[in-house]
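Have a look at the structure below, then the notes.
Number of protein chains: 2
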Amino acid sequence: MDSRELLVDTMSELMWERGYADTSPRHVRERSGVGQGSMYHHFSTKRDLALAALERNIADLLPAASELDGPGDPMARIEAYLMRPRAALKGCKVGRMTQDPQVREDPVLLAPVARAFAEVHVSWVRVLREAVAAGQLRDDLDPEQLAHTLMAVLQGGYVLAIAQQDQGPFDDARAGALALLRAAKPNPKINRRK
Amino acid sequence: MDSRELLVDTMSELMWERGYADTSPRHVRERSGVGQGSMYHHFSTKRDLALAALERNIADLLPAASELDGPGDPMARIEAYLMRPRAALKGCKVGRMTQDPQVREDPVLLAPVARAFAEVHVSWVRVLREAVAAGQLRDDLDPEQLAHTLMAVLQGGYVLAIAQQDQGPFDDARAGALALLRAAKPNPKINRRK
DNA sequence: GTCTATATAATGATAGAC
DNA sequence: GTCTATCATTATATAGAC
Numbered sequence: 001m002d003s004r005e006l007l008v009d010t011m012s013e014l015m016w017e018r019g020y021a022d023t024s025p026r027h028v029r030e031r032s033g034v035g036q037g038s039m040y041h042h043f044s045t046k047r048d049l050a051l052a053a054l055e056r057n058i059a060d061l062l063p064a065a066s067e068l069d070g071p072g073d074p075m076a077r078i079e080a081y082l083m084r085p086r087a088a089l090k091g092c093k094v095g096r097m098t099q100d101p102q103v104r105e106d107p108v109l110l111a112p113v114a115r116a117f118a119e120v121h122v123s124w125v126r127v128l129r130e131a132v133a134a135g136q137l138r139d140d141l142d143p144e145q146l147a148h149t150l151m152a153v154l155q156g157g158y159v160l161a162i163a164q165q166d167q168g169p170f171d172d173a174r175a176g177a178l179a180l181l182r183a184a185k186p187n188p189k190i191n192r193r194k
Numbered sequence: 001m002d003s004r005e006l007l008v009d010t011m012s013e014l015m016w017e018r019g020y021a022d023t024s025p026r027h028v029r030e031r032s033g034v035g036q037g038s039m040y041h042h043f044s045t046k047r048d049l050a051l052a053a054l055e056r057n058i059a060d061l062l063p064a065a066s067e068l069d070g071p072g073d074p075m076a077r078i079e080a081y082l083m084r085p086r087a088a089l090k091g092c093k094v095g096r097m098t099q100d101p102q103v104r105e106d107p108v109l110l111a112p113v114a115r116a117f118a119e120v121h122v123s124w125v126r127v128l129r130e131a132v133a134a135g136q137l138r139d140d141l142d143p144e145q146l147a148h149t150l151m152a153v154l155q156g157g158y159v160l161a162i163a164q165q166d167q168g169p170f171d172d173a174r175a176g177a178l179a180l181l182r183a184a185k186p187n188p189k190i191n192r193r194k
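Taken in sequence, the protein lines are chains G and A.
With this note's numbering, letter number 10 in the first sequence gets 10, and the count goes up by one each step, no holes.
With this note's numbering, letter number 54 in the second sequence gets 54, and the count goes up by one each step, no holes.
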């Protein structure tokens with residue numbers, strides 16, 4: 001693996017573990033073993049390296065979300081994505097960036113995060129519409145809203161899990177969301193006249 | 001206002017705005033106007049000051065959550081708390097701490113956050129149980145889980161809103177959660193024999 | 001591309017006078 | 001309690017040789 005790739009790899013890990021502001025060029029050098037000269041040869045600032053690492057972290061995450069787009073039963077896809085194994089105590093590589101003060105105030109660093117979430121939102125909306133169309137979900141629910149609700153359940157689940165240093169609250173949050181979705185099946189239509 | 005209180009006040013603001021790791025003693029001095037000597041007279045480390053500021057931020061937040069405990073219609077209390085005005089782009093003073101690398105690795109700083117969330121969870125569980133008892137919510141839903149789901153919706157809503165620099169996703173997330181709760185009313189019992 | 005040396009500013013304090 | 005001075009360490013690079 002060449003130095004450049006090694007730097008991006010290492011910075012990606014550190015940004016997941018410690019965020020951007022509190023990760024120093026020194027951390028990156030020490031973990032990667034790449035020297036000072038090499039580092040600033042490939043990336044002229046810490047921010048440049050962070051941008052590459054962030055794109056990498058997003059690229060890592062988006063394929064999982066496209067599981068929502070796959071064929072087959074919509075509700076089953078929703079369950080599969082929601083319940084997919086996730087290390088709650090590590091948090092979300094991408095979501096974490098929104099809480100980093102130096103990312104928050106830097107539109108260039110925030111932009112890829114916004115794009116990534118927007119993309120996931122599109123997938124959620126699609127599968128939720130399909131669930132409504134398939135009669136698995138009441139048609140008075142708004143898929144756009146619900147998509148944000150379910151994304152928030154995951155992002156917020158990480159927060160709760162880290163606070164308690166326990167995966168439990170994360171698993172509760174998503175199980176509860178799934179239970180609500182299941183409870184929101186359309187009512188069987190009884191005594192309905194043409 | 002005396003120096004000590006001014007320091008805690010200022011640190012509380014800064015921890016909400018920038019977290020702990022990326023807030024320096026200098027930030028605190030400059031914003032508060034309190035001198036170096038005073039600062040280290042009252043708090044011997046940055047961490048000590050942060051601890052006091054964190055307790056203050058928690059104390060600010062808990063009264064709102066006790067709105068859930070109040071008397072009256074359970075579902076109305078749920079809606080009121082969920083829909084209460086919140087500046088989504090500022091994020092949660094308490095939840096934010098879970099994403100700060102230096103808080104995360106410091107059990108002493110993390111403990112108050114865990115306690116605060118645990119306390120809010122208790123209030124949520126109680127009101128959800130009441131909603132079930134009042135026939136406003138299906139009795140096959142687990143209040144413990146659902147409490148985590150709803151807390152996560154709020155915490156995650158902040159993440160989405162900050163990512164998009166738009167309050168919209170936060171409002172969507174909570175409105176969607178409320179819609180799901182409403183859709184999870186027990187079915188009217190038809191043809192049920194004694 | 002990589003290495004070592006150097007540089008400026010900020011961080012997180014401590015010391016001691018008033 | 002507050003002030004000013006000082007300090008060791010780290011952050012974030014630059015410079016220039018190899």
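Backbone N, C-alpha and C fix where the C-beta goes; we use that ideal spot for every residue, glycine too.
DSSP three-state call for residue i: helix, strand or coil?
{"i": "LYS194 (chain A)", "result": "Because LYS194 (chain A) carries a pLDDT of 47, less than 50, the predicted location of this residue cannot be relied on, and no value is offered for it."}
{"i": "ARG129 (chain A)", "result": "helix"}
{"i": "ARG18 (chain G)", "result": "helix"}
{"i": "ALA59 (chain A)", "result": "helix"}
{"i": "ALA179 (chain A)", "result": "helix"}
{"i": "LYS46 (chain A)", "result": "helix"}
{"i": "ASP154 (chain A)", "result": "Correcting the residue type first, residue 154 (chain A) is Leu in the shown sequence and not Asp. LEU154 (chain A) falls in the helix class under three-state DSSP."}
{"i": "GLU105 (chain G)", "result": "coil"}
{"i": "PRO186 (chain G)", "result": "coil"}
{"i": "LEU137 (chain G)", "result": "coil"}
{"i": "PRO25 (chain A)", "result": "helix"}
{"i": "VAL120 (chain G)", "result": "helix"}
{"i": "ASP9 (chain G)", "result": "helix"}
{"i": "ASP171 (chain G)", "result": "helix"}
{"i": "ASP100 (chain G)", "result": "coil"}
{"i": "VAL113 (chain G)", "result": "helix"}
{"i": "PRO85 (chain G)", "result": "coil"}
Just the chain G side, please: which residues come within less than 7 Å of residue i by C-beta, in chain order?
{"i": "ILE162 (chain A)", "result": "THR98 and ARG104"}
{"i": "ALA173 (chain A)", "result": "HIS148, THR149 and ALA152"}
{"i": "PRO169 (chain A)", "result": "HIS148"}
Closer than 8 Å by beta-carbon distance: list the chain A residues that pair up with residue i, in chain order.
{"i": "ARG18 (chain G)", "result": "PRO101"}
Could you work out which residues of chain A lie near residue i, taking near to mean beta carbons separated by less than 7 Å?
{"i": "ASN57 (chain G)", "result": "Those do not exist, as ASN57 (chain G) stays about 14 Å from chain A at its closest Cβ, beyond 7 Å."}
{"i": "ARG29 (chain G)", "result": "Under the 7 Å cutoff, chain A gives no residues; its nearest Cβ is about 18 Å from ARG29 (chain G)."}
{"i": "ALA87 (chain G)", "result": "None at all; the shortest Cβ gap to chain A is about 14 Å."}
Can you pull the chain G neighbours of residue i, defined as C-beta to C-beta under 9 Å?
{"i": "GLU144 (chain A)", "result": "ASP172 and GLY176"}
{"i": "GLN136 (chain A)", "result": "Correct list: empty, because the minimum Cβ distance to chain G is about 12 Å."}
In chain A, which residues lie with their C-beta within 9 Å of the C-beta of residue i?
{"i": "VAL159 (chain G)", "result": "CYS92, GLY95, ARG96, THR98, GLN99, PHE117, MET151, ALA152, GLN155, GLY156, TYR158 and VAL159"}
Any heavy atom of the ligand ATP closer than 6 Å to the CB of residue i?
{"i": "ALA87 (chain A)", "result": "The ligand ATP is absent from the structure shown, which contains no ligand whatsoever."}
Just checking, does the region 84 to 103 of chain A make contact with the region 137 to 149 of chain A on the three C-beta pairs under 8 Å criterion? no
Closer than 8 Å is the cut-off here; do at least three beta carbon pairs connect the region 96 to 104 of chain A with the region 164 to 183 of chain A? no
Under 8 Å, with one C-beta from each stretch per pair, do the region 17 to 33 of chain G and the region 3 to 22 of chain A reach the 3-pair mark? yes
Going along the chain, which residues of the region 116 to 129 of chain G sit with their C-beta nearer than 7 Å to a C-beta in chain A? PHE117
Evaluate contact between the region 31 to 44 of chain G and the region 111 to 121 of chain G, counting only Cβ atoms and requiring at least three cross-stretch pairs below 8 Å. no
Could you please tell me which residues of the region 65 to 81 of chain G, in chain order, have their CB closer than 7 Å to any CB of chain A? none
If you pair each beta-carbon of the region 148 to 156 of chain G with each one of the region 151 to 164 of chain A, do three or more pairs fall below 8 Å? yes
Would you call the region 48 to 58 of chain G in contact with the region 3 to 12 of chain G, where contact means no fewer than 3 C-beta pairs closer than 8 Å? yes
Kindly confirm or deny that the region 66 to 84 of chain A and the region 32 to 42 of chain A touch, where touching means at least three C-beta pairs closer than 8 Å. no
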